[in-house]
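In what follows, a structure is listed as structure tokens, so that the remarks can point back to it.
Numbering (our numbering), first residue to last: 235 to 548.
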């Protein structure tokens, strides 16, 4: 399977990205995930994705309910999608400590038990706190993640509060929790990819998300990092998943653009690495074109014998 760690479906307009004023619903997300995307000459889809609300929609606004009720409100659509499409969507809880750290921790537990959420997201810029100094705001959530083996995805790449090393204090305090450096340390305001790289090299419980990283750096980092240390994530929307899939596919090419990576190792980056972290069964890559097409029969109506292209369902 291909598993995307970073998706933001919403039934409301995203207050940060806007998306031309139309909500990017779960159904739009599924259509985007279905592709098909060509990888090493084989048609693939993004089989599963970790979904969370846009962080811009998780702050307090006049009229919101408070405490756990308010948290449950902003997580409601994602929870609904996880129940509606359990074979495609996995919940990612967007943790905003300003709704109350203990409230957030209890809601992490509730969403894990009730809806099977396997990940939480930290976005210190959007929620306005210094992660290296607000440890008392983070500890209740981290304790819950340690209890239930929940992965922590961290927004990084822009100041003032999401420079990767600012999360080192909480990462070191919770070595039993796995942390993913979102965006590989790159976002709107900076490039901290080398920080992310060395954190993953030096710290057993730190991993890097591929999306937003420069293609030439991905080759450089993948040559040195242990092969389980990179996971696929796109931050879609606004990003198009195809470009980030291509960035990883290139690793199978010859140097200098690639590193002669095997398809088995590529499958680790595309899905098996994150699958192992959250307890999902791993899968081998498609053996050939026929096998790849067969895996998409529940998405596409068949194959045009003349062109070999997948057919849309009637």
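Note that the Cβ used here is the ideal one computed from N, Cα and C, for glycine as well.
Decide if residue i is buried, meaning its Cβ has at least 16 other Cβ atoms within 10 Å, or exposed.
| i | result |
| --- | --- |
| residue 297 | exposed |
| residue 443 | buried |
| residue 422 | exposed |
| residue 463 | buried |
| residue 471 | buried |
| residue 331 | buried |
In terms of residue numbering, what span does the alpha helix (DSSP H) encompassing residue i cover?
| i | result |
| --- | --- |
| residue 435 | 427–436 |
| residue 344 | 335–349 |
| residue 483 | 475–483 |
| residue 361 | 358–361 |
| residue 378 | 369–382 |
| residue 305 | 301–308 |
| residue 260 | 260–268 |
| residue 455 | 449–458 |
| residue 508 | 507–512 |
Return the chain-ordered list of same chain residues with a C-beta closer than 7 Å to the C-beta of residue i, the five sequence neighbours on each side being excluded.
| i | result |
| --- | --- |
| residue 398 | 390, 415, 419, 426, 429, 430 and 433 |
| residue 424 | 391, 392 and 393 |
| residue 348 | none |
| residue 410 | 380 |
Would you report the Cα separation of residue i and residue j, rounded to the nearest angstrom?
| i | j | result |
| --- | --- | --- |
| residue 245 | residue 258 | 7 Å |
| residue 438 | residue 241 | 25 Å |
| residue 373 | residue 353 | 16 Å |
| residue 503 | residue 525 | 20 Å |
| residue 367 | residue 312 | 30 Å |
| residue 335 | residue 375 | 7 Å |
| residue 487 | residue 274 | 9 Å |
| residue 489 | residue 441 | 24 Å |
| residue 291 | residue 249 | 6 Å |
| residue 406 | residue 546 | 49 Å |
At what residues does the beta strand (DSSP E) containing residue i begin and finish?
| i | result |
| --- | --- |
| residue 276 | 276–278 |
| residue 442 | 440–443 |
| residue 238 | 237–241 |
| residue 387 | 385–388 |
| residue 328 | 323–329 |
| residue 273 | 271–273 |
| residue 405 | Per DSSP, residue 405 belongs to no beta strand (DSSP E); it is in the alpha helix (DSSP H), 402–407. |
| residue 493 | Neither: residue 493 is in no beta strand (DSSP E) and is coded neither H nor E. |
| residue 414 | 413–415 |
Output needed for residue i: all residues of its chain with C-beta closer than 8 Å, excluding positions within five of it in sequence on either side, in chain order.
| i | result |
| --- | --- |
| residue 350 | 316, 320, 324 and 325 |
| residue 304 | 294, 298 and 333 |
Taking the Cβ atom as the reference point for each residue, do residue i and residue j lie within a distance shorter than 7 Å?
| i | j | result |
| --- | --- | --- |
| residue 285 | residue 243 | yes |
| residue 363 | residue 371 | yes |
| residue 357 | residue 289 | yes |
| residue 467 | residue 239 | yes |
| residue 342 | residue 378 | yes |
| residue 337 | residue 306 | no |
| residue 517 | residue 235 | yes |
| residue 452 | residue 483 | no |
Skipping 5 residues on each side, what residues in its chain have a beta carbon closer than 6 Å to that of residue i?
| i | result |
| --- | --- |
| residue 387 | 353, 355, 414 and 416 |
| residue 519 | 497 and 501 |
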